[in-house]
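Heads up, the thing below is written out as structure tokens.
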Amino acid sequence: NSSWLSVDGGKTALDVLEKMVSVTMMRGAQSGGVVTFEPTHYNYKQDHNSSCPSPPPLKGVRSRVVNAKRTDLSQRIRRKIVRDNGTPSLFGAHPRLKGSNHPLYADNDNNARLVRGFFGHTRFATTSKASFDGTHPHQWSPRRNHTVFSSRDASPALLGVENFITHNGDFEFFQINSKYYDVALLQTWLEHVLHHPMPASVDSAAIAGVVDLLRTQGSFALSARYALCVGLPNSKVEMEPSVPYPTMEEYEDIAKTFENVLMDMTTSGNHNNNHNNHNHNNNHDHNQCRDGKYERDKLIAAVVAILKRKLEVLPEKDVGDSSTYHTPSSRRGKASPSSSTAISTLSKFLSSAPSEEEHGGGDLHLFVRTTVHAFFDNDLLQTAKLFLENAKGSFGLSISSSLDAHRQVVLAARGQTMSIAFYPKKGLVCYGSEQAAVKAGLNYETPGGNATTDDAHSSEADNAVRLDLDDLGGEICLLDWGYAGDTQPAVSRPNR
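All letters in the sequence shown, in the order written, are residues 319 to 814 by the numbering used here.
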């Protein structure tokens, strides 16, 4: 309900949030934080006359505090949110949250309205001291621009990508190729594959790093990294990798082959450049590739043919020779590599010869196939599913991404409680590890009045519904409130 922002500038919404934090503090009140997402710029011009306006690019705004001896954590978190997300008001009035009067957050005929979500956590340090670095929400990789294909546009856009998680419980082991690795080793390995130092030594920060590897939908560069690091028979976790992993610049260069083939299929469907012998439908779009096996196989075959030729023309000394590598730190931040450099890096992990797969070498076709499937399938729900399938420990999770926050967030439970309350008349959803916390929505009236319903005399208590996730067997909940300009299905093909 847009009135939570527009009527009083978000004051009542923050009242609800403060109450929820206050209740959740029984689980721990040493530190806490909240992340919310907002447009990268508020002068973004939304075309409300379009039947499918695109969502604006979003950025995460994270507010974290470490509590003092005699202060109230819920009040300190609220003040920090207001400082980070508020705009000053005159005459001592309560500051308004950014966007409270902006058309991006206003109701319109196209249902193209941003919804403001606040995803937070309070912490009691169990295995480490309470510190700012250890305070949730956690993020491993800083925001970085990537070429991203959306469901609406045939041409990709350069979008900032960043992921955040909150976590109750303990993350102990993660599995790759049927072998479990402890978190300490995983943290060191993540520094090598993500090319960014560990942001905090707490186990929850490692979850954020794994999410960076898994959430790849729409980006071929991120999908290629996923395939290389966890999707091949020889993928493994190492303290000191024998061959340094490609840099993000090299992944982006490798991704250009995938992008060019997909765009050719999107615009004309004509692949007569020696890498496709089919003369099928000339009006492909990448949504057909997303949902159709034939189109995906066609894309895979075309990319394999191109990369195989590139691998075959490499100088022999560059193939499988790790001595030509520089360390990740020495390569980081340099200019974009040439195509031959990126392919040479790729060759250290792959082979175009199928027979070499028997000897532990990576397979080119498998790499391309895994990359393509990750590009189409590794959305927010699939990310949570892949993580929980391969992780050992106890988890009360929230996972959010700048690519999805205009319409989605994932909540999950296994070994830790998680409840979600829906207030349809108020237009409000509350979630938390404590059942009592999600009842906070009952105690506050919607600014401007509740939404109209057929039964005007029914109370919110008669309409509200609480969902307690199955913390024994494990359960994932995807919250999707939709966005008119985003025609991507709520979940990718493996979960339909």
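Quick reminder that beta carbons are idealized off the backbone N, C-alpha and C, glycines included.
By Cβ distance, which residues of its chain are closer than 6 Å to residue i, with the 5 residues on each side in sequence left out?
i: I525; result: I483, H485 and F489
i: H514; result: S459
i: Q493; result: N708
i: L746; result: G759
i: F693; result: F538 and S541
By the three-class DSSP mapping on this structure, what secondary structure does residue i have?
i: Q753; result: helix
i: S496; result: coil
i: N426; result: coil
i: Y801; result: coil
i: A782; result: coil
i: R345; result: helix
i: S372; result: coil
i: V631; result: coil
i: Q806; result: coil
i: N293; result: The requested residue 293 is not part of the displayed model; the chain covers only 319 to 814.
i: H412; result: coil
i: R382; result: strand
i: K710; result: strand
i: H724; result: coil
i: G759; result: helix
i: P357; result: strand
i: R431; result: coil
i: S392; result: helix
i: H484; result: Looking at the sequence shown, residue 484 is not His but Thr. Correct three-state label for T484: strand.
i: H510; result: helix
i: G536; result: coil
i: S685; result: Strictly speaking, residue 685 in this sequence is Phe, with Ser absent from that position. F685 falls in the helix class under three-state DSSP.
Within the same chain, show all residues whose beta-carbon is closer than 8 Å to that of residue i, passing over the 5 residues directly before and after it, in chain order.
i: P417; result: The sequence shown places Gly at residue 417, not Pro. So the qualifying residues of the chain are L323, E356, P357, Y360, Y423, L432 and R434.
i: E752; result: V341, T342, M344, R345, T735 and S737
i: R687; result: I618
Tell me the rounded alpha-carbon separation between residue i and residue j.
i: S641; j: D681; result: Here the model assigns S641 a pLDDT of 42, short of 50, so the residue's position is not dependable, and the following value carries that caveat. If I take the Cα positions, the gap works out to 22 Å.
i: I794; j: V622; result: 35 Å
i: N552; j: A619; result: 22 Å
i: L706; j: T342; result: 24 Å
i: A545; j: S321; result: 44 Å
i: P564; j: E509; result: 12 Å
i: V756; j: F740; result: 9 Å
i: L729; j: Q457; result: 16 Å
i: Y569; j: S392; result: 42 Å
i: N385; j: D697; result: 35 Å
i: G536; j: F467; result: 5 Å
i: V325; j: K744; result: 13 Å
i: T584; j: N319; result: 37 Å
i: S719; j: K616; result: 30 Å
i: F476; j: H464; result: One detail in the question is off: residue 476 reads as Leu in this sequence, not Phe. Cα to Cα, the separation comes out at about 5 Å.
i: S758; j: I395; result: Reading off the sequence shown, one finds Ala at residue 758, where the question assumed Ser. Distance between the alpha carbons of A758 and I395 is about 17 Å.
i: P375; j: G478; result: 7 Å
i: F667; j: V400; result: 48 Å
i: R414; j: R462; result: 29 Å
i: A702; j: L796; result: 9 Å
i: N768; j: P373; result: 26 Å
i: L335; j: H412; result: 16 Å
i: G711; j: R732; result: 8 Å
Using only CA atoms, which one of the options lies nearest to residue i?
i: V511; options: Q493, D697, L540 and P474; result: L540
i: L629; options: T663, L617 and I618; result: T663
i: H454; options: L715, V400 and P633; result: L715
i: V690; options: K666, A739, S392 and E613; result: E613
i: R388; options: Q348, H420, H412 and K398; result: Q348
i: Q726; options: W799, L746 and V756; result: W799
i: A523; options: T534, L504, R533 and Q535; result: L504
i: G371; options: L550, Y498, N428 and I661; result: First, the amino acid is wrong: residue 371 is Pro here, not Gly. Nearest C-alpha to P371: N428.
i: T735; options: A502, L787, N578 and C748; result: L787
i: M557; options: A502, A802 and S449; result: A502
i: D722; options: R533, G527, H412 and S519; result: R533
i: D530; options: H683, N481 and Y498; result: N481
i: G803; options: L415, I395 and N426; result: N426
i: Y499; options: S810, A709 and A430; result: A709
i: T506; options: F693, A518 and A660; result: A518
i: A754; options: L785, D582 and H724; result: L785
i: S810; options: T764, A731 and L704; result: L704
i: P742; options: V561, V783, G404 and G766; result: V783
i: A660; options: G610, E567, V579 and D789; result: E567
i: D402; options: F436, A430 and S449; result: F436
Whose C-beta lies closer than 7 Å to the C-beta of residue i among residues of the same chain, with five residues either side of it excluded?
i: D333; result: Y762
i: T440; result: V339, T342, M343, R345, G346, A347, G350 and L391
i: P812; result: D695 and Q700
i: V555; result: I494, Y499, L503, L504 and W507
i: P765; result: S321, W322, V325, D326 and T330
Does the region 351 to 362 come close enough to the region 378 to 394 that 3 or more CB-CB pairs lie under 8 Å? yes
Cβ pair count under 8 Å reaching 3, the region 531 to 546 against the region 562 to 577: Yes, the region 531 to 546 is in contact with the region 562 to 577.
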